[in-house]
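A.B. asks: One structure follows; several queries about it will come next.
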Amino acid sequence: MTSQPIWSPVALSNMVEPSTSTGAVVNGAELVVWRDSSGKAHVWEDRCPHRGMRMSFGFVRGDHLACLYHGWQYDTAGQCSHIPAHPQLEVPQTIRMQTFAAAERNGIIWAGATADANAALLPAERTGLVTVRSLYADCTSAKALKVLAATPLPGSADAPTVEAITENYVSLTSGPIRLLVAIQIMGEEKTALHMMATEGAPVAALARYAQDLRLILETPVAEAA
Amino acid sequence: MSALTLYNYELDENSYRVRLLLSMLGIQHEIYSVNMLPGREEKSPALLALNPCGTLPFIEQDGTVMFGAEAILAHLARNNDASRKWLPIDGPDFTATMMWLGFAAGPLQAAVKAREVAVFAVGGHLERLKAGARAAFRIMDDHMVLRQIEGKDWFAADHPTIADLALIPSFALSRDFNIDHEEFPALRLWLRRFRRLPGFITMPGIPDYH
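Chains as they are written, first to last, in my numbering: chain A, 304 to 528; chain B, 2 to 211.
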């Protein structure tokens, strides 16, 4: 198992709308990524402390995330604040979620390895980026990096110039096109690639390139050789 | 005209496809509740006399029976939607609407069968069906990624069609057979949009809250 980066990408920012939640897996750990009604992103462990139900199946009410199972509501600090079956109860402080730091940078929601992950370790901020897509593939992150470095970007016959911005964030450049890929290690054989490009890039062509990439990523190595 | 009767089983996904359109178009109808499980009433002589395929759903009106969810959707949209949007018969969107309707009746039925195996414990190879369902969801997600880049919100037109309606249930119910939504972000947004349309109804397995 590779060591876990301090910040892992978990979704493209504009694919998680305000007042919605989704699941995300980082190194086998199940997380819920949700936005409150004001648009702020949160990342928690994907388990309701009550019955273990996945909170990513839940629903957002204002700045609370509620469990689908019995409606227990948790505030943005992860503290349970309301139990519908016991509306008069002052909920004990001990009923709370395990929370992780959440940050948005370069069109991507990043989850910290801990609640107090150092924001200074996030990749440097860039402006003028446009969304391409998230791509989920059954392969190792090492293979994803190798294939990204070897596969020409649209409109080119040559492999792109690769620059590792951080250990899980790479920039691929080919002529005027620059593709930024944030790599989410989901498990040993599961990887998600969250892709943004510089403004003016042929986004549809890049989305199709990503789709083709998945075929290469999921071709067993022996056959690919 | 006599009443339209839907032969329905509440937990059957293909029956839900028709219930959904009946609700969204506000079509008056009666329901005949079929004891599909455990009774397998749809295979009884009385019901086979109506629908020889022994499948659900089917509808009966004025003595005429029509089976096959997708055909029923097209029939109902054609006769009950004056806006001609749900089935864009005359416009350029007809082709894509029919193609995705066919996809719902074809590759996507792996998801319908996977759910039947997982929920009803009927026979079938769950892992193989799940792989087929995942492949179908990927094709749908890839399509909606490109549609979104074109600024389009729906599968086949600038507005929802019976293609969207026929595709939605399998994705909405995928957690019944343990395929989560996180790998299909474009479909997640599309499902949320569809849920907000007037007349949308759920079925067991699709949360009322979202």
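For each residue, glycine too, the CB sits at the ideal point set by N, CA and C.
What is the DSSP secondary structure of Met356 (chain A), counted as helix, strand or coil?
C.D. replies: Residue mapping note: residue 356 (chain A) aligns to position 53 of the first sequence, counting from 1. Looking at Met356 (chain A) - three-state DSSP - the assignment turns out to be coil, as it is neither helix nor strand.
A.B. asks: Counting only beta-carbon atoms, is Pro205 (chain B) nearer than 8 Å to chain A?
C.D. replies: Looking up residue 205 (chain B) in the second sequence gives position 204. Chain A contact via Cβ: absent.
A.B. asks: Residues in the same chain with beta-carbon distance under 6 Å from Ala416 (chain A), minus the five sequence neighbours each way, listed in chain order, please.
C.D. replies: In the first sequence, the residue the question calls residue 416 (chain A) occupies position 113. Answer for Ala416 (chain A): Gln307, Ile309, listed in chain order.
A.B. asks: State the Cα-Cα distance for the pair Asn80 (chain B) and Ile202 (chain B), rounded to the nearest angstrom.
C.D. replies: Stepping through the second sequence from its first residue, residue 80 (chain B) is reached at position 79. Stepping through the second sequence from its first residue, residue 202 (chain B) is reached at position 201. The alpha-carbon atoms of Asn80 (chain B) and Ile202 (chain B) are separated by roughly 21 Å.
A.B. asks: DSSP has Trp310 (chain A) in a bridge; who is on the other side?
C.D. replies: Reading the first sequence from its first residue, position 7 is the one you call residue 310 (chain A). Looking at the DSSP assignment, Trp310 (chain A) forms a beta bridge with A:Gly415.
A.B. asks: Does the Cβ of His367 (chain A) have 16 or more other Cβ atoms within 10 Å, making it buried, or fewer, making it exposed?
C.D. replies: The count along the first sequence starts at 1 and reaches residue 367 (chain A) at position 64. That one is buried.
A.B. asks: Measuring alpha carbon to alpha carbon, tell me which residue in A:Ala427, A:Leu520, A:Thr325, A:Ala460 is nearest Val336 (chain A).
C.D. replies: Within the first sequence, residue 336 (chain A) is the residue found at index 33, counting from 1. Selected option, being the one with the closest Cα: A:Thr325.
A.B. asks: Could you tell me the boundaries of the alpha helix (DSSP H) in which Arg41 (chain B) lies?
C.D. replies: One-based indexing of the second sequence puts residue 41 (chain B) at position 40. Here Arg41 (chain B) belongs to no alpha helix (DSSP H), and DSSP marks it neither H nor E.
A.B. asks: Indicate whether Met358 (chain A) and Leu432 (chain A) have their beta-carbon atoms separated by less than 8 Å.
C.D. replies: Residue 358 (chain A) sits at position 55 when you count from the first residue of the first sequence. Residue 432 (chain A) sits at position 129 when you count from the first residue of the first sequence. Result no, Cβ atoms of Met358 (chain A) and Leu432 (chain A) do not sit closer than 8 Å.
A.B. asks: Looking at the structure shown, is Gln382 (chain A) part of a helix, part of a strand, or coil, going by DSSP?
C.D. replies: As a position in the first sequence, residue 382 (chain A) is number 79, starting the count at 1. Three-state DSSP puts Gln382 (chain A) in a strand.
A.B. asks: Say whether the stretch 124 to 134 of chain B touches the stretch 65 to 80 of chain B, bearing in mind that this needs 3 or more beta-carbon pairs closer than 8 Å, one atom from each stretch.
C.D. replies: At 8 Å Cβ cutoff, the stretches do not touch.
A.B. asks: Start and end of the beta strand (DSSP E) containing Thr65 (chain B)?
C.D. replies: As a position in the second sequence, residue 65 (chain B) is number 64, starting the count at 1. Element bounds for Thr65 (chain B): 65 to 68.
A.B. asks: Just to confirm my understanding: we take Thr469 (chain A), look at its own chain, exclude 5 residues before and 5 after, and list those with CB closer than 6 Å. What are they?
C.D. replies: Numbered from 1 along the first sequence, position 166 holds the residue referred to as residue 469 (chain A). For Thr469 (chain A), where only same-chain residues beyond five positions count, the Cβ hits under 6 Å are Pro426.
A.B. asks: Do Met25 (chain B) and Leu192 (chain B) have their C-beta atoms closer together than 8 Å?
C.D. replies: As a first step, residue 25 (chain B) must be located in the second sequence, where it is residue number 24. As a first step, residue 192 (chain B) must be located in the second sequence, where it is residue number 191. The answer is no: Cβ separation not under 8 Å.
A.B. asks: What residue does the alpha helix (DSSP H) around Met25 (chain B) start on, and which one ends it?
C.D. replies: Numbered from its first residue, the second sequence carries residue 25 (chain B) at position 24. First-last of the alpha helix (DSSP H) with Met25 (chain B): 14 to 25.
A.B. asks: So Glu348 (chain A) is in the beta strand (DSSP E); what residue range does that whole segment cover?
C.D. replies: Counting from one through the first sequence, the residue named residue 348 (chain A) turns up at place 45. First-last of the beta strand (DSSP E) with Glu348 (chain A): 344 to 348.
A.B. asks: If I measure Cβ to Cβ from Asn471 (chain A) and keep anything under 6 Å in the same chain, skipping five residues before and after, which residues do I get?
C.D. replies: For the purposes of this step, residue 471 (chain A) is taken as residue 168 along the first sequence, with counting starting at 1. Pro308, Ile486, listed in sequence order.
A.B. asks: For the alpha helix (DSSP H) containing Ile140 (chain B), name the first residue and the last one.
C.D. replies: For this step, residue 140 (chain B) is matched to residue 139 along the second sequence. Here the alpha helix (DSSP H) through Ile140 (chain B) covers 127 to 150.
A.B. asks: Could you give the residue range of the alpha helix (DSSP H) that holds Trp87 (chain B)?
C.D. replies: Numbered from 1 along the second sequence, position 86 holds the residue referred to as residue 87 (chain B). Note, Trp87 (chain B): premise wrong, no alpha helix (DSSP H); not H, not E.
A.B. asks: Quick one: which residues of the stretch 164 to 188 of chain B get their C-beta closer than 9 Å to a C-beta of chain A? List them in chain order.
C.D. replies: Answer in chain order: Arg176, Asp181, His182, Glu183, Glu184, Phe185, Pro186, Ala187.
A.B. asks: Tell me the residue span of the alpha helix (DSSP H) that contains Ile163 (chain B).
C.D. replies: Here residue 163 (chain B) corresponds to residue number 162 of the second sequence, with the count starting at 1. Ile163 (chain B) -> alpha helix (DSSP H) spans 163 to 173.
A.B. asks: Which same chain residues end up closer than 7 Å to Glu348 (chain A) when comparing Cβ atoms and leaving out the 5 residues on each side of it in sequence?
C.D. replies: Here residue 348 (chain A) is taken as the residue at index 45 of the first sequence, counted from 1. These residues qualify, in order along the chain: Leu334, Met400, Gln401.
A.B. asks: For Ala88 (chain B), which of B:Ser45, B:Ala157, B:Gly125 has the nearest alpha-carbon?
C.D. replies: Taking the first residue of the second sequence as 1, we reach residue 88 (chain B) at position 87. In the sequence as presented, Ala is not what sits at residue 88 (chain B); that position holds Leu. Comparing Cα-Cα distances from Leu88 (chain B) to each of B:Ser45, B:Ala157, B:Gly125, the minimum goes to B:Ala157.
A.B. asks: Report the partner residues of Val328 (chain A) according to the DSSP bridge assignment.
C.D. replies: Working through the first sequence from its first residue, we reach residue 328 (chain A) at position 25. In the DSSP output, where bridge partners are listed per residue, Val328 (chain A) has A:Glu333.
A.B. asks: Please confirm if Leu130 (chain B) has its CB atom under 8 Å from at least one CB of chain A.
C.D. replies: Locating residue 130 (chain B) in the second sequence gives position 129, counting from the first residue. It does not: the Cβ of Leu130 (chain B) has no partner Cβ on chain A nearer than 8 Å.
A.B. asks: Do you know whose CA, among B:Val146, B:Phe195, B:Thr56, B:His144, lies nearest Asn9 (chain B)'s CA?
C.D. replies: For the purposes of this step, residue 9 (chain B) is identified with residue 8 of the second sequence, where counting begins at 1. Of the listed residues, the one whose Cα sits closest to Asn9 (chain B) is B:Thr56.
A.B. asks: Under the three-state reduction of DSSP, which class applies to Arg436 (chain A): helix, strand or coil?
C.D. replies: As a first step, residue 436 (chain A) must be located in the first sequence, where it is residue number 133. Residue state, collapsed to three classes: strand.
A.B. asks: So that I know if they touch, is there some Cβ in chain A lying closer than 8 Å to that of Arg193 (chain B)?
C.D. replies: Numbered from its first residue, the second sequence carries residue 193 (chain B) at position 192. So yes, Arg193 (chain B) belongs to the interface.
A.B. asks: Looking at C-beta atoms only, is the number of pairs between the stretch 430 to 447 of chain A and the stretch 153 to 170 of chain B that lie closer than 8 Å three or more?
C.D. replies: The stretch 430 to 447 of chain A, when compared against the stretch 153 to 170 of chain B, does not touch it at the 8 Å Cβ threshold.
A.B. asks: Going by beta carbon distance, what residues of the same chain come within less than 6 Å of Ile480 (chain A), once the five residues before and after it are set aside?
C.D. replies: For the purposes of this step, residue 480 (chain A) is taken as the residue at position 177 of the first sequence. The answer, listed in chain order, is Leu456, Ala504.
A.B. asks: Can you check whether the C-beta of Phe362 (chain A) is within less than 8 Å of a C-beta belonging to chain B?
C.D. replies: Here residue 362 (chain A) refers to the residue found at position 59 when the first sequence is read from its first residue. Judged by the 8 Å Cβ criterion, Phe362 (chain A) is in contact with chain B.
A.B. asks: From this set, A:Phe403, A:Ser474, A:Tyr377, which residue's C-alpha is nearest Asp339 (chain A)'s C-alpha?
C.D. replies: In the first sequence, the residue the question calls residue 339 (chain A) occupies position 36. Of the listed residues, the one whose Cα sits closest to Asp339 (chain A) is A:Tyr377.
A.B. asks: Have a look at A:Leu509, A:Pro387, A:Glu491, A:Thr476 and flag the residue whose alpha-carbon is nearest the alpha-carbon of Leu371 (chain A).
C.D. replies: Within the first sequence, numbered from 1, the residue matching residue 371 (chain A) stands at position 68. Looking at the Cα atoms, A:Pro387 is the closest of the given residues.
A.B. asks: Please name the residues in the stretch 132 to 143 of chain B whose beta-carbon is closer than 7 Å to at least one beta-carbon of chain A, in chain order.
C.D. replies: For the stretch 132 to 143 of chain B, which is checked against every Cβ of chain A, the residues closer than 7 Å are Asp143.
A.B. asks: Tell me, to the nearest whole angstrom, how far the beta carbon of Glu61 (chain B) is from that of Leu51 (chain B); I am working on the premise that it is less than 8 Å.
C.D. replies: On the second sequence, residue 61 (chain B) is found 60 positions in, with the first residue counted as 1. On the second sequence, residue 51 (chain B) is found 50 positions in, with the first residue counted as 1. The Cβ separation is near 6 Å, so the contact holds.
A.B. asks: Compare the C-alpha of His149 (chain B) against each of B:Pro186, B:Pro205, B:Ser45, B:Gly107 and name the closest.
C.D. replies: Locating residue 149 (chain B) in the second sequence gives position 148, where the first residue counts as 1. In the sequence under discussion, the amino acid at residue 149 (chain B) is Gln, which differs from the His named in the question. Out of B:Pro186, B:Pro205, B:Ser45, B:Gly107, B:Pro186 has the C-alpha closest to the C-alpha of Gln149 (chain B).
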